[in-house]
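Data block below; observations after.
So, in structure tokens, the structure goes:
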């Protein structure tokens, strides 16, 4: 021991620096015996704080002032009876407000050591042979900054099972501390630690501490005091003679808010950390509350092993060995490097800025989750009301519209009068088969939505004879109600109440219930457009019911109803006396369509301008104002490869003007003339399309075509390319 170097000075009479900014090192202690050990390390202790020090309101810390080596150090203690991550964060907050000029920190105290047990049966211990009284120093390793928070976890499903995954990371200590740590390690390699000497000097200054803080093996029996026992989860014990001089270990410190009071709990946490290749040397309860907001090094004396056998026997000694190592460490810290380290005040301001950004991001995330949950709830209610996919149906019809066609309809005075009427109005639009009624309906919906009156709801329904069985009066009114509910929160709230009532009574709402809700929904708007396509394709018995439902809504607000239909006297009778606007394929529209399709002709035919003009004129004449015929005729013509073949096809059209049967015969001829495999595929496609109870989506048709006799499942290798099916 270096007793010759001891200087017995009454340190209570010493005067420290007058300015608080001289104190650049904060020493944080959680427990009274940890604070006592820290204060015993002062080379000089000052009774009074700096003259300009003013403790901030709300700062709960108790401060002690002194000097260790060349550094002015302030010891900050947690409020009595408090420890853990939250309390440590409170200490950091107090330091920030009262001593913003502090630059580095030491978190010094006790912890639970973690031994590396290689083989429990053989009681073999690995290189990390940590024993009671040893000291663990947080040391950055790889992506770990020296400290991990082991109880900040999130649940994650892996392979069908829920596992816990550690969340987030903690910062490394600042450069000045890491540089000093390297120097200290090198010193220990060459000379070993001086902790025993430092402790002896402290006992010389404070004799009262000797009996309580000395090594537990001194003065006790060999059985009680000199045995160091490690208990495994399986109940195996590994006993060694306790070390007289502490050994220093550098590695990862695991921090949490809960004490490790059982080997099972301790080893479960270790197993979880091992999956991330993290092997902590020590468990403690304060460090994670500091690392991201306060630059510090963690130094822990080992007082137990975090199991059921923990006791207080080693706590005081572990506290003073950790304090001795902290003093030894400060002797390696360069004063100039400390001065270059950012002040805690500025660091926390930056952290607060980052925290503010994270809070804002979290607020956005929560808002997004809330919106997602709300959207999911809305979708659930609306799907319950009406699972009918009306939007996709509309989009499919709208996609068939050729830009520029149908303008005559939108500019017609009858249509404009219907749109601009200041009271409820009805417009009936009859037309022959294949004249483009459904395309006009989709065009009107698009036009009304994009017009200046876009704030007025536009709702619609497309009747389809192939879906007659599912297009009931119930589905009709539910579809219209769903569209209004998706546009209005007030209407949705009413529908949600209907949903809740129906679920509680385990029944579906009746048509009358829906009609009542629809009429109430119309009362929430001042004006609304309703487009009903192909009214004639609604079953005769349902037509009157659906028409009466709409009539009941016409008096609730200004409702503009447009309905397309074939020339059906029963439908006309329903709307007798209402204005009509006949739909037919105008020459201008047919010209635009055939000119666009003519661009698909073979290159050697497209270059013949005269022939192309004849094609356009011939198809228009043969179509007789029917878009469907124009499409079928152009399909036949575009299939030809020579100019003469095109001319022959045109001549055939002139002979069978307006004949659907000839157009379909030409289509079948095109199919039969293809290679046998393609011809067979074309016929299978027609069979599926014709016999399907409803229109098939492309994926459904492809799956149907991929079925094979004797196979119970569909294989991807049997699927067709989209280009093959469409050809």
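Residue numbers (full-length UniProt numbering): 1 to 727. Even glycine gets a Cβ: it sits at the ideal position worked out from N, Cα and C.
Counting Cβ pairs, one atom from each stretch, are 3 or more of them under 8 Å apart for the stretch 579-588 and the stretch 623-635?
Yes: the two stretches touch, three or more of their Cβ pairs being nearer than 8 Å.
Would you mind sorting residue 515 into buried or exposed? The rule is 16 or more other CB atoms within 10 Å of its CB.
By the neighbour-count rule (16 or more Cβ atoms within 10 Å), residue 515 is buried.
Beta-carbon spacing of residue 386, residue 526 below 8 Å:
In this structure, the beta-carbon distance from residue 386 to residue 526 does not fall below 8 Å.
Those residues which DSSP pairs with residue 300 across a bridge:
Secondary-structure assignment with DSSP links residue 300 through a beta bridge to 109 and 136.
By Cβ distance below 7 Å, which residues in the same chain neighbour residue 212 in space, the five residues on each side in sequence not counted?
A distance below 7 Å between beta-carbons, with the five flanking residues on each side excluded, links residue 212 to the following residues of its chain, in chain order: 316.
Check whether the stretch 135-148 and the stretch 240-251 touch, using three or more Cβ-Cβ pairs below 8 Å as the test.
Because the criterion of three Cβ pairs below 8 Å is met, the stretch 135-148 and the stretch 240-251 touch.
How is the alpha helix (DSSP H) around residue 414 delimited, first residue to last?
Counting along the chain, the alpha helix (DSSP H) containing residue 414 begins and ends at 413-420.
Tell me which residues share the same chain as residue 761 and place their Cβ nearer than 8 Å to its Cβ, disregarding the 5 neighbours each side in the sequence.
Since the first residue shown for the chain is 1 and the last is 727, residue 761 is missing from the structure and cannot be characterised.
Can you check which of these residues, 473, 600 and 536, is closest to residue 465 by C-alpha distance?
The residue from 473, 600 and 536 with its alpha-carbon nearest to that of residue 465 is 536.
Residue from 580, 611, 339 and 604 whose Cα sits closest to the Cα of residue 595
Among 580, 611, 339 and 604, the Cα nearest to that of residue 595 is on 611.
For the pair the stretch 278-298 and the stretch 89-109, tell me if three or more CB-CB distances fall below 8 Å.
Yes, since at least three Cβ pairs between the stretch 278-298 and the stretch 89-109 fall closer than 8 Å, the two stretches touch.
Supposed contact pair residue 300 and residue 28 - C-beta distance, whole angstroms, cut 8 Å
Cβ atoms of residue 28 and residue 300 stay farther apart than 8 Å, at about 12 Å.
Segment contact, 8 Å Cβ cut-off, at least three pairs: the stretch 393-401 with the stretch 489-505:
Judged by Cβ distances under 8 Å, the stretch 393-401 makes no contact with the stretch 489-505, as fewer than three pairs qualify.
Pop quiz: residue 217 and residue 198 are said to be a contact at Cβ under 8 Å. What is the actual Cβ separation, rounded to whole angstroms?
In fact, because the Cβ distance is near 19 Å, the residues do not count as touching under 8 Å.
Assign residue 489 to one of two classes, buried (16 or more other C-beta atoms within 10 Å of its C-beta) or exposed (fewer than that).
Residue 489 is exposed by the Cβ-count criterion.
Note the first and the last residue of the continuous alpha helix (DSSP H) segment covering residue 547.
Element bounds for residue 547: 540-554.
From what residue to what residue does the beta strand (DSSP E) around residue 72 run?
Per DSSP, residue 72 belongs to the beta strand (DSSP E) from 71-77.
Beta strand (DSSP E) runs contained entirely in the stretch 238-288, provided each spans 3 or more residues
With a minimum length of 3 residues, the continuous beta strand (DSSP E) runs that stay inside the stretch 238-288 are 248-251, 253-255 and 282-284.
DSSP puts residue 486 in a beta bridge; with which residues?
Looking at the DSSP assignment, residue 486 forms no beta bridge with any residue, so it has no partner.
Backbone CA spacing between residue 425 and residue 561 [nearest angstrom]:
Here the alpha carbons of residue 561 and residue 425 stand approximately 6 Å from one another.
Report the residue from 501, 57, 74 and 680 whose alpha carbon sits nearest the alpha carbon of residue 64.
Answer by Cα proximity: 74.
Take residue 608 and list the residues in its own chain whose beta-carbon comes closer than 8 Å to its own, dropping the five residues that flank it on each side.
These residues qualify, in order along the chain: 643.
Determine the extent of the alpha helix (DSSP H) in which residue 594 is found, giving its start and end residues.
First-last of the alpha helix (DSSP H) with residue 594: 587-598.
Proximity of residue 591 and residue 616 at Cβ, strictly below 8 Å
The Cβ atoms of residue 591 and residue 616 sit closer than 8 Å to each other.
Quick one: Cα of residue 305 to Cα of residue 270, how far?
Rounded to whole angstroms, the separation of the alpha carbons of residue 270 and residue 305 is 13 Å.
Would you tell me roughly how many angstroms separate the C-alpha atoms of residue 267 and residue 40, rounded to the nearest one?
Going by the C-alpha atoms only, they are around 35 Å apart.
Residue 8 versus residue 191: straight-line alpha-carbon distance, rounded:
The predicted position of residue 8 is uncertain, since its pLDDT is 47 and thus under 50; a value taken from the coordinates is nonetheless stated next. Cα to Cα, residue 8 sits roughly 27 Å from residue 191.
For residue 97, I'd like the list of residues in its chain whose CB is within less than 8 Å of its CB, leaving aside the five on either flank, ordered along the chain.
Excluding sequence neighbours, residue 97 sits near 56, 58 and 59.
Closer than 7 Å: residue 444 CB and nearest the ligand NAP heavy atom
With respect to the ligand NAP, the structure shown offers nothing to examine, as it has no ligands at all.
Tell me the rounded alpha-carbon separation between residue 284 and residue 50.
Looking at the two C-alpha atoms, the distance is approximately 32 Å.
May I ask you to report which of helix, strand or coil DSSP gives residue 94?
Under the three-state reduction of DSSP output, residue 94 falls in the helix class.
Could you name the residues of the same chain whose beta carbon sits closer than 8 Å to that of residue 406, not counting the 5 residues immediately before and after it, in chain order?
436, 439, 440, 443 and 589.
Which residues in the same chain have their Cβ closer than 6 Å to the Cβ of residue 70, if we skip the five residues on either side of it in sequence?
Taken in chain order, the residues that qualify are 335.
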